[in-house]
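Take any residue in the sequence shown, count from 1 to its spot, add 70: that is its number in this note's numbering. A virtual CB, placed ideally from N, CA and C, is assigned to each residue, including glycine. Treat the numbers as computed from the prediction; the structure is a model and nothing was measured. What follows is a short report on a single structure.
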Amino acid sequence: MKSVQFHLFGIETRVHPSFVGLLLYYAYQCAHFNQPLWVGVIGMLCLFMSVLIHELGHALMLRLFGSGPCIKITIHAIGGHVVRCAPCNERLSAAGKIAVAFAGPLAGFCFAIVAYILMISSKTDVLLLTATNLVIMNVVLSLSNLLPTIPLDGGRMMEALINGILGRTLVSIFLVTLISSTTAMGAFSLSWAFLDPVTTGMVGLIVLVNVMRIFLDI
Ligand SMILES: [Zn+2]
């Protein structure tokens, strides 16, 4: 199965086939709660749009900092990410890294405000559902991404801030690892207690990334 590719504001964007898995899970949840098909379809489109807006925020901020054609957006089963070449990454200052990481949640919050205005002025069920989905998804996606744990945006911001203040020293590496892994374990415990197995599995992947950072120095 091949990825779907297109360009958005001149940025190469790839939708990996695994993203279908996330959509199917959403469809399953809708069926589980006896929602009609059109509700599920609108929800899936909103989910895709919300992830895309988030990644577009990162990509456009990177472009503002001078990154060029090396920026690529990928949407996949656990959300999405933006890749850029190593020189573009190394050129970024601590403030630049924080701005790029924050741009994703910021784009989500801005889009949620637009969707909220649409929600309170909508006159049809379809428009109301679409706007409500977009508000909820963008707020949840943005807030959860701000958790100070790597590889989430909040974790990248925390890492850039600590490295910017202390430099890349043993103390800064220890602090980043401590904050990131403690947050990941806390989020996993809360997900285990209150959330569904798929979301808990995704948070489990964040724990795994943190464990690998400690033992494999990634
Ligand atoms: Zn992000």
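Nearest to residue i (by Cα), restricted to the options the options
{"i": "histidine 151", "options": "Leu240, Phe285, Arg238 and Val85", "result": "Val85"}
{"i": "glycine 80", "options": "Gly110, Met227 and Ile141", "result": "Ile141"}
{"i": "alanine 201", "options": "Ser137, Gly274, Leu211 and Met189", "result": "Met189"}
{"i": "isoleucine 183", "options": "Met272, Arg161 and Val209", "result": "Val209"}
{"i": "phenylalanine 135", "options": "Arg161, Leu213 and Gly234", "result": "Arg161"}
{"i": "methionine 207", "options": "Phe244, Ser192, Asn233 and Ala185", "result": "Ala185"}
{"i": "leucine 213", "options": "Gly113, Phe179, Phe244 and Leu231", "result": "Phe179"}
{"i": "alanine 254", "options": "Val241, Gly234 and Leu278", "result": "Leu278"}
{"i": "arginine 133", "options": "Met119, Leu115, Thr144 and Val153", "result": "Val153"}
{"i": "proline 157", "options": "Gly138, Ala171, Phe244 and Leu115", "result": "Gly138"}
{"i": "threonine 144", "options": "Phe76, Leu248, Val241 and Leu115", "result": "Phe76"}
Sequence-distant residues of the same chain with beta carbon closer than 8 Å to residue i, five excluded per side
{"i": "serine 250", "result": "Pro218, Thr219, Ile220, Gly225, Met228, Glu229, Asn280 and Arg283"}
{"i": "glycine 91", "result": "Ala147"}
{"i": "glycine 166", "result": "Phe135"}
Distance CB(residue i)-CB(residue j) smaller than 9 Å
{"i": "asparagine 222", "j": "asparagine 215", "result": "It should be pointed out that residue 222 corresponds to leucine in this sequence rather than to asparagine. Yes."}
{"i": "isoleucine 276", "j": "phenylalanine 258", "result": "yes"}
{"i": "leucine 176", "j": "valine 121", "result": "no"}
{"i": "tryptophan 108", "j": "valine 196", "result": "yes"}
{"i": "glutamine 99", "j": "aspartate 266", "result": "yes"}
{"i": "alanine 171", "j": "histidine 128", "result": "yes"}
Anticipated Cβ contact below 8 Å, residue i with residue j, distance rounded
{"i": "alanine 291", "j": "methionine 131", "result": "Look at the range of the chain in this structure, 71 to 288, and you will see that residue 291 is not part of it."}
{"i": "leucine 117", "j": "leucine 93", "result": "7 Å"}
Counted within 10 angstroms of its Cβ, other Cβ atoms place residue i as buried (16 or more) or exposed
{"i": "isoleucine 168", "result": "buried"}
{"i": "phenylalanine 89", "result": "buried"}
{"i": "phenylalanine 181", "result": "buried"}
{"i": "histidine 102", "result": "exposed"}
{"i": "glycine 237", "result": "exposed"}
{"i": "leucine 126", "result": "buried"}
{"i": "isoleucine 235", "result": "exposed"}
{"i": "isoleucine 232", "result": "buried"}
{"i": "isoleucine 187", "result": "exposed"}
Cβ shell of residue i (< 6 Å), same chain only, five flanking positions each side left out
{"i": "tyrosine 95", "result": "Val268"}
{"i": "glutamate 82", "result": "Lys142"}
{"i": "threonine 270", "result": "Ser261 and Trp262"}
{"i": "glycine 110", "result": "Ala97 and Cys100"}
{"i": "glycine 149", "result": "Val121"}
{"i": "methionine 272", "result": "Ile148"}
Test: residue i CB closer than 9 Å to a CB of chain B
{"i": "valine 277", "result": "In summary, chain B is missing from the structure at hand, where a single protein chain is found."}
Residues of its chain near residue i, where Cβ-Cβ distance is below 7 Å and the 5 sequence neighbours each way are ignored
{"i": "serine 192", "result": "Leu198 and Ala201"}
{"i": "serine 73", "result": "Arg84, Val85, His86 and Pro87"}
{"i": "glycine 113", "result": "Tyr96, Cys100 and Asn203"}
{"i": "glycine 274", "result": "Phe258"}
{"i": "phenylalanine 244", "result": "none"}
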